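Numbering (full-length UniProt numbering), first residue to last: 1 to 293. Built from N, CA and C at the ideal position, the CB exists for glycine as well. As the structure is a prediction and not an experimental result, all values here were calculated from the model.
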Amino acid sequence: MSRDTNAKTAEFDSLLPSAQLNRRAFITTLTAAGFALAVQPVQASTVINTDSAGLDTGNATVNTATGELPLYFARPAGGMKLPTVLVIQEIFGVHEHIRDVCRRLAKQGYLAIAPELYFRQGDPTKLDNVGAILSGIVSKVPDAQVMSDLDACAAWAPGHGGDAARLAITGFCWGGRITWLYAAHNPKLRAAVAWYGRLDGAPSELMPKHPLDIAGSLHAPVLGLYGGKDQGIPVVDVDAMRDALKKAGKAGELVVYPDAPHAFNADYRPSYRPTEAADGWKRMLAWFERNGV
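Written out as structure tokens, the structure reads:
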């Protein structure tokens, strides 16, 4: 850890005299703080708006053992046997930014699917602050449930224009962490791109492992896109993941944009960095193509 990080650790420890925070717990605390700092009012001048001309878009549901999973999809109109990308939400759910990402991918020839992965736990659009979303919804979502829901979406895709043999995943923030986990879960996945997804954290019953724990179990190559000024994901974690992939002999690439904060692709927030976001988008499309998606 850097000197500044050590100082912050000491400050948190002084506030919690009954229990010393280990490194993972500390990172989890910083991550939550990073969300709060990143969420600001929408900046209308920078929001990317992708129209639906030439696309089939809409809402659908997927059967699961515990309910109907809602999703948003976008694909080229009339497209069949399309390469398929699962698009995983931020903590804020499938809002317009995530739907726009789906339409952007559809314009590139993909079937893009964004499932509402919190539908059993609650609706983040009904809550007015990050703390309530984290404690009231996100903390109650089991990783195993998410993996099962994504499997259901992958199974839904071939009947709705997708190609089961060309499956990829990408996710942002909370969804970036899920992207890493799904790359270790689904042996049929061809490629994954994680945007500023947390790599380490305190294990729990619902989240027993984090990306650094499963680096040696990846089935698909992962491209990780990170900000050097992310207050919740230290560069030391990115370096650790890079080393873990190399040690395990797993294909992957981690890119750090030195001056970018967390959520640098979120065009509706002041954290947006258009240069880094555009570069990341190009890298993502190239990664999918390189890996047969």
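Check your understanding: When DSSP labels each residue in this structure, what does T50 get in the three-state scheme?
Key -> Note: T50 maps to coil in three-state DSSP.
Exercise for review: Would you list the residues sitting across from D56 in a DSSP beta bridge?
Suggested key: R75
Practice item. Answer with buried or exposed for N186, where buried requires no fewer than 16 other C-beta atoms within 10 angstroms of its C-beta. Key: buried
Exercise for review: Have a look at W287 and R166 and give me their C-alpha separation to the nearest angstrom.
Suggested key: Cα-Cα distance, rounded: 13 Å.
Review point. Do I178 and V146 have their C-beta atoms closer together than 8 Å?
Key: yes
Point to revise | Residues bridged to T84 [DSSP beta-bridge criterion] | key: L111, L167
**Study point:** Meets three-Cβ-pair contact criterion under 8 Å: the segment 197-210 and the segment 147-163
**Key:** no
Exercise for review: State the beta-bridge partners of F172 as determined by DSSP.
Suggested key: W195
Check your understanding: Roughly how many angstroms lie between the CA atoms of R273 and K247, to the nearest whole one?
Key -> Their backbone Cα atoms lie some 32 Å apart in a straight line.
Review point. Does the count of Cβ pairs from the segment 67-80 and the segment 152-169 closer than 8 Å reach three?
Key: yes
Check your understanding: Near V238, what residues of its chain come up, given a Cβ to Cβ distance below 8 Å and the 5 sequence neighbours on each side ignored?
Key -> L199, G224, Y226, L254, V256
Check your understanding: Which residues does DSSP pair with N63 in a beta bridge?
Key -> E68
Review point. Which residue's Cα is closest to the Cα of residue 314: K140, G136, A60?
Key: Since the displayed the chain opens at 1 and closes at 293, residue 314 lies outside it and no answer follows.
Exercise for review: Indicate the three-state DSSP secondary structure (helix, strand or coil) for G232 in the structure shown.
Suggested key: coil
Check your understanding: Helix, strand or coil: which one does DSSP assign to L254?
Key -> strand
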